[in-house]
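If you're matching them up, the sequences are chains L and V in order.
For the first sequence, counting from 1, position 90 maps to 90 in UniProt numbering; every step adds exactly one.
For the second sequence, counting from 1, position 165 maps to 165 in UniProt numbering; every step adds exactly one.
Please read the structure below before turning to the comments.
Number of protein chains: 2
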Amino acid sequence: MPDTKANILLLGCGAVGTLAAVTLEKSERATITAVLRSNFTAVGQKGFTIDSIDHGSLTGWRPSHIERSVQDAMTHGPFQFIVIALKNLPDIYSIPDLIAPAITRFTTIVLIQNGIGIEQPFVDSFPDSTILSGVSMIGARELSSGVIRHDNPDILHLGPIYNTTTTRKTEDELAASFASLYRAGGASCLLTNDITCMRWKKLVWNASFNSVCAITGLDSGAIMDAGGVETIIRPVMDEIVTIATASGCTLPDGIQQRTIDSMPREINFRPSMLVDVDRGNPIEVEAIVGNPLRIAQELGCEVPLLRMIYECLKLIQWRIVRDKSLAVS
Amino acid sequence: MPDTKANILLLGCGAVGTLAAVTLEKSERATITAVLRSNFTAVGQKGFTIDSIDHGSLTGWRPSHIERSVQDAMTHGPFQFIVIALKNLPDIYSIPDLIAPAITRFTTIVLIQNGIGIEQPFVDSFPDSTILSGVSMIGARELSSGVIRHDNPDILHLGPIYNTTTTRKTEDELAASFASLYRAGGASCLLTNDITCMRWKKLVWNASFNSVCAITGLDSGAIMDAGGVETIIRPVMDEIVTIATASGCTLPDGIQQRTIDSMPREINFRPSMLVDVDRGNPIEVEAIVGNPLRIAQELGCEVPLLRMIYECLKLIQWRIVRDKSLAVS
């Protein structure tokens with residue numbers, strides 16, 4: 001291991017990003033410069049208040065540096081890793097544009113975000129960079145600005161998106177290096193060479209429950225009580241499995257039922273897009289529904305339910321964006 | 001014409017029902033006993049305040065009798081006509097059960113309600129009654145309890161549902177008789193012998209715009225601005241036309257575009273189901289979407305978009321009913 005600490009830029013300090021920051025700092029082998037948006041003022045004044053199953057109770061916690069923008073963060077660079085835990089909103093802003101100033105030939109990009117097909121914009125924009133793609137299985141949420149509740153352990157699945165300009169060996173080493181930091185900080189990081197398949201697996205849940213909750217205003221338990229599992233959830237899951245299979249990812253048999261069973265009826269879980277709709281914040285419709293739909297089209301899969309869900313969510317997104325701009329103007 | 005006035009029981013004094021009551025009383029050939037629900041107290045105290053394109057400004061207007069229930073209304077019977085302008089919510093309450101006490105062998109039932117296939121429960125429950133089915137093209141809404149704004153003329157399309165126990169001649173005469181009262185009161189009533197086709201025509205609008213507005217929280221103009229006409233509205237209209245055609249009703253060529261053109265972009269119209277969702281009131285999902293879907297199934301039509309819309313609206317209905325019962329308990 002290197003003697004000096006890894007210098008890491010981290011974007012997005014919601015629940016997932018903040019807990020990644022805590023883990024990486026706790027390794028004592030990394031220095032985090034975090035770029036905050038909505039919670040910059042709150043965290044600047046009082047730090048984070050974190051109640052974490054992995055890290056215990058933290059009050060007034062801050063990463064090494066906090067900044068308002070990538071430009072401001074540059075004074076702490078250059079960075080070996082840029083960890084992106086921002087909401088994935090390609091229809092609202094371009095994350096590649098955002099991080100471009102901080103990218104060097106030696107920067108590795110680590111995506112900890114929802115959805116499928118989310119790596120391509122980074123591959124296209126930064127052909128010399130290694131892209132590590134991460135799927136987080138954490139259970140955590142931001143209760144209010146800078147206040148984070150972490151109920152289920154942080155398990156990060158991580159794997160390189162192998163590109164043509166770097167050797168596989170280098171990419172695997174960089175993945176191992178990041179995973180080692182993560183583990184040294186007290187969380188799990190499981191390396192895989194097929195992260196896309198892991199993304200499809202998580203999408204079985206996200207494209208169905210997350211979408212339908214956002215459209216109907218119901219939490220996961222209420223969807224079950226209302227009989228929505230058989231009428232919508234499972235049929236949408238079937239479509240996701242169809243696309244995944246067509247794209248070459250064989251999901252485990254019965255993943256639909258296993259995914260349903262993973263949500264006990266008594267848990268009234270409010271998925272991220274439902275929370276966003278309730279708060280009037282943009283939803284991750286392109287990463288979670290738009291991208292799988294486009295992959296389905298390329299592969300010639302018929303997915304009428306997913307298409308309908310997508311078109312409804314896009315109209316809801318349009319309303320959210322309009323209302324936000326009205327609130328600002 | 002008879003010398004005595006027609007004795008009419010009218011259920012549901014929202015905008016459509018109240019204006020029907022005004023028209024029928026204004027004919028001076030009918031006595032209306034209206035059963036009010038949510039606005040009984042307001043109307044009992046101050047009467048209706050009506051601003052009508054057909055009838056001018058009316059303050060403190062009341063029909064001959066107002067009552068809280070069909071049972072209470074019975075003292076004013078027997079009734080030749082029972083006019084039903086209630087919201088059509090078969091998943092919430094049974095209108096046949098509600099009116100059963102007031103039905104005699106000589107009662108004619110007049111339905112002024114949205115949707116398709118809504119007559120069958122009345123045919124089943126009251127085989128001796130003539131059923132007149134009405135499609136209202138009125139533009140009117142209740143601004144607050146008992147306060148009604150009527151912007152577009154009342155045009156009622158009316159036709160009998162021919163059954164086996166009454167002669168067509170009698171049914172046609174009863175339709176003509178009711179239409180004559182309506183016209184004498186200063187509104188339009190157009191007789192047709194294919195009211196079902198008229199229902200499909202109106203459904204091209206209702207199943208698409210009304211549904212999608214309710215799901216997305218957007219008004220008709222916003223749906224257009226957001227590009228929703230091509231992504232959802234027209235595809236859903238196509239499915240309705242497919243079902244109508246399969247059921248033997250030939251809609252005019254290009255009815256989809258004509259229906260879209262009938263909603264100028266600058267009109268930000270909030271359809272009934274969107275208003276209901278906003279107010280936390282049950283929506284007419286079965287009449288507007290459930291029934292056409294069931295007809296599609298019987299006829300073997302593939303209508304995946306309509307099915308998805310139905311399942312989403314049913315979950316939204318479940319939430320509305322749950323929240324209402326929580327508010328009451």
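For each residue, glycine too, the CB sits at the ideal point set by N, CA and C.
C-beta neighbour in chain V for residue i, strict 8 angstroms
| i | result |
| --- | --- |
| Met-308/L | yes |
| Ile-316/L | yes |
| Cys-301/L | no |
| Leu-305/L | yes |
| Ile-215/L | yes |
| Cys-249/L | no |
| Arg-319/L | yes |
| Glu-173/L | no |
Residue nearest to residue i in terms of C-alpha spacing, selected from the options
| i | options | result |
| --- | --- | --- |
| Tyr-182/V | Thr-4/V, Gly-134/V, Met-198/V, Pro-271/V | Gly-134/V |
| Met-74/V | Leu-86/V, Leu-89/V, Ala-100/V, Ile-92/V | Ala-100/V |
| Gln-256/V | Val-229/V, Asp-278/V, Val-277/V | Val-229/V |
| Ser-64/L | Phe-48/L, Asn-281/L, His-55/L, Asp-54/L | Phe-48/L |
| His-55/L | Ile-295/L, Asp-276/L, Ala-187/L, Ile-309/L | Ala-187/L |
| Arg-29/V | Asn-206/V, Phe-81/V, Thr-242/V | Phe-81/V |
| Leu-10/L | Ile-66/L, Met-198/L, Ile-148/L, Ser-208/L | Ile-66/L |
| Ile-138/L | Ile-131/L, Arg-149/L, Glu-239/L | Arg-149/L |
| Met-198/V | Pro-121/V, Ala-21/V, Asp-51/V, Gln-113/V | Gln-113/V |
| Asp-219/L | Ser-136/L, Ile-267/L, Pro-292/L | Ile-267/L |
| Pro-235/L | Ser-129/L, Arg-307/L, Cys-189/L, Ala-327/L | Arg-307/L |
| Lys-202/L | Ala-246/L, Leu-191/L, Ser-262/L, Lys-169/L | Ser-262/L |
| Ile-240/L | Glu-298/L, Leu-293/L, Ala-222/L | Leu-293/L |
| Gly-290/L | Ser-211/L, Gly-60/L, Val-110/L | Ser-211/L |
| Ser-247/V | Phe-40/V, Pro-271/V, Ile-295/V, Lys-87/V | Ile-295/V |
| Phe-209/L | Thr-231/L, Asn-193/L, Cys-189/L | Thr-231/L |
| residue 331/L | Arg-105/L, Thr-33/L, Arg-168/L | Here chain L comprises residues numbered 1 to 329, so residue 331/L is not present and cannot be evaluated. |
| Cys-312/L | Cys-189/V, Gly-227/V, Thr-59/V, Asp-128/V | Gly-227/V |
CB contact below 8 angstroms: residue i versus chain L
| i | result |
| --- | --- |
| Ile-223/V | yes |
| Met-1/V | For Met-1/V, the predicted model reports a pLDDT of 46, less than 50, meaning its position is unreliable and no value from the coordinates is stated. |
| Pro-282/V | no |
| Ala-226/V | yes |
| residue 379/V | This structure does not reach residue 379/V, given that chain V is present from 1 up to 329, and the question cannot be answered. |
| Glu-239/V | no |
| Arg-258/V | no |
| Arg-270/V | no |
| Cys-189/V | no |
| Glu-311/V | yes |
Alpha-carbon spacing of residue i relative to residue j, whole angstroms
| i | j | result |
| --- | --- | --- |
| Leu-252/V | Ile-195/L | Looking at the sequence shown, residue 252/V is not Leu but Pro. The alpha-carbon atoms of Pro-252/V and Ile-195/L are separated by roughly 53 angstroms. |
| Gly-14/V | Ala-85/L | 51 angstroms |
| Asp-225/V | Gly-17/L | 35 angstroms |
| Ile-8/V | Thr-23/V | 12 angstroms |
| Leu-305/L | His-157/V | 36 angstroms |
| Ser-69/L | Val-321/L | 22 angstroms |
| Ile-288/L | Gly-300/V | 32 angstroms |
| Met-1/L | Glu-25/L | Annotation note: pLDDT 46 at Met-1/L (below 50); position unreliable, coordinate value reported separately. Approximately 16 angstroms between the Cα atoms of the pair. |
| Thr-166/V | Gly-12/V | 27 angstroms |
| Thr-107/L | Phe-126/L | 9 angstroms |
| Asp-97/V | Ile-103/V | 10 angstroms |
| Asn-206/L | Pro-264/L | 16 angstroms |
| Gly-77/V | Tyr-310/L | 53 angstroms |
| Val-277/L | Asp-323/L | 11 angstroms |
| Glu-142/V | Ser-136/V | 16 angstroms |
| Tyr-162/V | Leu-191/V | 14 angstroms |
| Ala-6/L | Ile-109/L | 13 angstroms |
| Asp-35/L | Lys-87/L | In the sequence under discussion, the amino acid at residue 35/L is Val, which differs from the Asp named in the question. For Val-35/L and Lys-87/L, the distance between alpha carbons rounds to 13 angstroms. |
| Thr-242/L | Glu-286/L | 19 angstroms |
| Glu-298/L | Gly-254/V | 31 angstroms |
Supposed contact pair residue j and residue i - C-beta distance, whole angstroms, cut 8 angstroms
| i | j | result |
| --- | --- | --- |
| Pro-160/L | Ala-175/L | 5 angstroms |
| Thr-259/L | Met-273/L | 17 angstroms between Cβ atoms; not a contact. |
| Val-83/V | Ala-20/V | 6 angstroms |
| Ser-145/V | Ser-57/V | In fact, because the Cβ distance is near 18 angstroms, the residues do not count as touching under 8 angstroms. |
Chain B contact for residue i (CB, 8 angstroms cutoff)
| i | result |
| --- | --- |
| Thr-231/V | No chain B is part of this structure, whose protein chains are labelled L and V. |
beta-carbon residue i near the ligand ZN non-hydrogen atom, thresh 7 angstroms
| i | result |
| --- | --- |
| Leu-10/L | Although the ligand ZN was asked about, the structure shown includes no ligands whatsoever. |
Using 8 angstroms as the cut-off, can you tell me whether the stretch 309-328 of chain L makes contact with the stretch 214-229 of chain V, which would need three or more C-beta pairs spanning the two stretches below that distance? yes
The stretch 112-128 of chain L contacting the stretch 168-184 of chain L, beta-carbon criterion three pairs below 8 angstroms: no
Pairs of beta-carbons, one from the stretch 40-54 of chain V and one from the stretch 162-179 of chain V, closer than 8 angstroms: are there three or more? no
Between the stretch 275-288 of chain V and the stretch 89-109 of chain V, are three or more C-beta pairs nearer than 8 angstroms? yes
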